[in-house]
Each structure stands twice: as structure tokens, then as C-alpha cells.
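Here the structure comes first, spelled out in C-alpha cells, and everything after it is commentary.
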């Protein structure tokens, strides 16, 4: 499954569980790839659990890769648990989240700039979040700039190559990687 947002001026959602760009795979095979190209404009979500870009696999036996990419543009989220660029898998494949030259601003609790998460204890794959240039601002508590996490047995990496990260709330980190 591939969903690409390009050459648009803006996308706006104003309710809980809204998504700017989303690719969801609940089948037993196949990748999930959601992206916003360098020619894209802005995405704004307002509401709880409202993501700018979401790529997800929901089936534990799926071995495929999840990728969420922002290659420019602006994402603003205003709501708790509303990450800007989110790659999530209950499957067994790798999870990759990337921001390159984008501008991200989150204004809710537990609202990360970029987040790659594998939620499958049997997964041997890696979770990687990469931030290359641009800026990430998180304005509330427990909101990380660049986060990577796995509940499995693979590696995690939160990586920054240039750009600016500003976190303003309690228990908020610039870069964060965790195996649980």
C-alpha cells in the first residue's frame, strides 16, 4: 500500500483520529508506505490521535516494512497523542520514519515530531527514526522530537543530521530510543 501526498496546498482535519496522509495495511503481507513529497504544502490536524502522516501494519504475522516519510512541507498537530510523522507496526518487519527538510510543530501531550514503533515482542526487525535538516518543535509534556522504540528484539535508532529540535514540556527529549 502506497499513499503519496504531493503538489497540494493544504490538508486540514478537525476531529479526533483525523489523518493528513495515511497508509494502513491489516492484511497478512505487503508494505505500508505513507509520504509527503518536497512539493507538498501543509498538513494541520486538530484533535486527539490525529496524525500528520501515518503508516501502519496491524497484523502480527505480516513481515513487511512500514515507512512514513516527510520530504518537505509543514505539519502542525494540535491535540494530545498526535504525532506529526508516525510509522507503527504490530507486524514483524522493519519500521522507518523520516523527516527531511520539513517543519513540524506539535501542541499536545504525547505528541512526538517523528516516531517509529514496533509493537510485537516476536519481531527481530529494527525501528529507525531519522531527522535530516528542517525543524521540530514539541510544545507539551512527554513529547519527543525524534523517537524510536521496539517491543521486539531488533535494534532502535533515533538519528539527527542537522536541523533544529526544540522541546518545551516536562519529560520531553530531543532524541529518544528505547527497547521495552
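In our numbering, the protein residues as written are 1 to 180. By construction, the Cβ of each residue, glycine as well, lies at the ideal position given by its N, Cα and C atoms.
Measure the CB-CB distance between residue i and residue j and report whether it falls below 8 Å.
i, j, result
"residue 76", "residue 47", "no"
"residue 16", "residue 23", "no"
"residue 63", "residue 91", "yes"
"residue 148", "residue 157", "yes"
"residue 110", "residue 142", "yes"
"residue 51", "residue 59", "no"
"residue 152", "residue 125", "yes"
"residue 162", "residue 114", "no"
Closest by CA to residue i, which one among the options?
i, options, result
"residue 102", "137, 24, 50", "137"
"residue 30", "126, 17, 67, 168", "67"
"residue 87", "112, 132, 8", "112"
"residue 4", "158, 45, 32, 152", "32"
"residue 43", "74, 37, 28", "74"
"residue 159", "79, 40, 170, 99", "99"
"residue 89", "139, 69, 166, 65", "65"
"residue 171", "179, 139, 27", "139"
Determine which residues share a DSSP beta bridge with residue i and list them.
i, result
"residue 19", "51"
"residue 85", "53, 114"
"residue 164", "135"
"residue 96", "67, 128"
"residue 175", "146"
What are the boundary residues of the beta strand (DSSP E) that includes residue i?
i, result
"residue 5", "2-5"
"residue 144", "Careful: residue 144 lies outside any beta strand (DSSP E) and carries neither H nor E."
"residue 74", "74-78"
"residue 13", "10-13"
"residue 35", "32-36"
"residue 42", "42-46"
Is it right to say residue i is buried, meaning 16 or more other beta carbons lie within 10 angstroms of its own, or is it exposed?
i, result
"residue 105", "buried"
"residue 61", "exposed"
"residue 10", "exposed"
"residue 38", "exposed"
Compute every distance between the C-beta of residue i and the non-hydrogen atoms of the ligand HEM, then say whether any falls below 7 Å.
i, result
"residue 170", "Because no ligand of any kind appears in the structure shown, any question about the ligand HEM cannot be addressed here."
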